[in-house]
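Worksheet for the structure shown next.
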Amino acid sequence: MNQANKTLRDTLKRESALLAPGVYDALSAAIAEQCGFDALYLSGGAVSYTQLGRPDVGLTTMSEAVNVLGRIRDRVELPIIVDGDTGFGNALNTQRSVRDFERAGANMIQLEDQTFPKRCGHLENKSLVSTGEMVGKLKAALDARRSPDTLIMARTDAIAVEGLEAAFERAEAYLATGVDALFIEALRTPEQMSLATQRFSDRVPMLANMVEGGKTPILPVDELTQLGFKIVIFPGGTVRLVAKQLQRYFKSLKSLGTTAEMQSDMLDFIGLNEVVDAPALLARSRKYAEQAALTT
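Sequence positions in the sequence shown follow this note's numbering and run 18 to 313.
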């Protein structure tokens with residue numbers, strides 16, 4: 018049994034909500050792990066922003082997301098929740114996506130009911146597949162996973178398209194398939210958030226999505242725990258912070274011709290090497306070189 022999977026399932030049983038920061042590559046994941054988080058979240062938006070420099074409008078492919086996940090898994094031990102978008106197609110595509118994400122190290126795979134290509138849940142003009150089609154895709158996903166400890170989370174984007182009660186009805190249908198968690202996207206108010214958790218949280222872990230500038234109010238994890246959420250993600254905050262800091266950095270370098278003004282906000286050469294474990298890797302290299310020398 019994958020220990021990270023077991024840890025995620027067990028963690029969702031604790032009283033406080035699991036806070037999973039968004040990461041987008043192996044470096045951001047390593048730093049989050051070093052800062053003491055218990056799980057990570059890889060969003061499709063973060064992959065699109067950082068790998069393509071494009072918005073979250075369904076431009077990324079499954080293989081691109083899997084490749085990013087694989088590099089993150091190679092670097093960290095924490096459980097990883099992965100945004101599987103729409104499953105990248107129909108039920109059979111969804112099964113392939115689940116198998117590939119699972120092999121690459123996903124511990125929970127999130128699947129949504131938008132049509133393909135999808136778009137960020139906090140953008141306008143989304144469209145949905147039918148409830149029946151999504152139920153079929155979720156059943157396909159559950160059948161495809163090789164380990165029962167690879168968790169499947171169902172997401173509905175129906176609030177923006179069909180309204181709150183329709184979103185709840187879809188969530189009921191998705192829950193009946195046997196999924197391990199629910200995500201009702203873009204709840205508009207604390208009152209809507211409370212209604213959602215009152216209806217579902219005693220039966221299944223629920224996720225709260227905190228998007229800076231998005232449609233859902235940003236609340237601290239303690240308040241979200243009190244509302245009944247078990248998973249809290251800040252999926253794009255990392256990218257938004259990095260993008261703003263890179264704007265500052267490049268503007269300063271272009272203007273001054275030097276990084277001197279920015280150095281107090283930077284890690285130096287030694288500091289960055291410590292973050293990426295250069296001393297440990299170099300020590301391991303020396304060990305293998307010494308072992309090789311003893312055999313010649």
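Ideal placement from N, C-alpha and C gives every residue a C-beta, glycine not left out.
Query                                                                                                                                                                            : Result
Where residue 24 and residue 96 are concerned, what is the direct C-alpha to C-alpha distance, given to the nearest angstrom?                                                    : 7 angstroms
Which whole-angstrom value is the C-beta distance of residue 217 and residue 188, which I expect to be below 8 angstroms?                                                        : 6 angstroms
Only counting the same chain, and skipping five residues up and downstream in sequence, which positions put a Cβ closer than 7 angstroms to that of residue 209?                 : 181
With a threshold of 16 other CB atoms inside 10 Å of the CB of residue 283, please say whether the residue is buried or exposed.                                                 : exposed
Name the DSSP beta bridge partners of residue 129, please?                                                                                                                       : 172
Going by Cα to Cα distance, which pick from 265, 222, 254 is closest to residue 246?                                                                                             : 222
Hey, how far is the Cα of residue 233 from the Cα of residue 296?                                                                                                                : 43 angstroms
Taking only the alpha-carbon atoms, compute the straight-line gap between residue 301 and residue 311 and give it to the nearest angstrom.                                       : 16 angstroms
In the DSSP assignment, what are the bridge partners of residue 98?                                                                                                              : 58, 125
Less than 7 angstroms between C-beta atoms, sequence neighbours within five positions excluded: which residues of the same chain meet that for residue 92?                       : 43, 46, 47
Would the segment 63-72 count as touching the segment 122-135 if we require 3 or more Cβ pairs under 8 angstroms?                                                                : no
Mark residue 195 as exposed unless 16 or more other C-beta atoms lie within 10 angstroms of its C-beta, in which case mark it buried.                                            : exposed
Mind pulling the alpha helix (DSSP H) runs of 4 or more residues that sit fully within the segment 162-219?                                                                      : 176-179, 181-192, 207-217
Can you grab the Cα-Cα spacing for the pair residue 101 / residue 274, in whole Å?                                                                                               : 42 angstroms
In whole angstroms, give me the CA-to-CA distance for residue 70 and residue 258.                                                                                                : 15 angstroms
Measure the beta-carbon distance from residue 36 to residue 54 and round it to whole angstroms, keeping in mind my assumption that it falls under 8 angstroms.                   : 7 angstroms
In chain order, what residues of the same chain have a beta carbon less than 6 angstroms from the beta carbon of residue 176, not counting five sequence neighbours either side? : 184, 203
Can you name the residues that DSSP bridges to residue 223?                                                                                                                      : 199
In chain order, what residues of the same chain lie with their CB nearer than 7 angstroms to the CB of residue 242, ignoring the 5 residues before and after it?                 : 33, 34
With 16 other CB atoms within 10 Å as the buried threshold, where does residue 298 fall?                                                                                         : exposed
Cβ of residue 141 within 7 angstroms of Cβ of residue 103?                                                                                                                       : no
Is residue 248 helix, strand or coil when you go by DSSP?                                                                                                                        : strand
Could you give the first and the last residue of the continuous alpha helix (DSSP H) run that contains residue 40?                                                               : Not the alpha helix (DSSP H): residue 40 falls in the beta strand (DSSP E), residues 35-40.
Do residue 99 and residue 86 have their beta-carbon atoms positioned less than 7 angstroms apart in this structure?                                                              : yes
Check the Cβ-Cβ distances between residue 34 and every residue of chain C, and say whether any is below 7 angstroms.                                                             : Within the model displayed, chain C is absent; a lone protein chain is all it includes.
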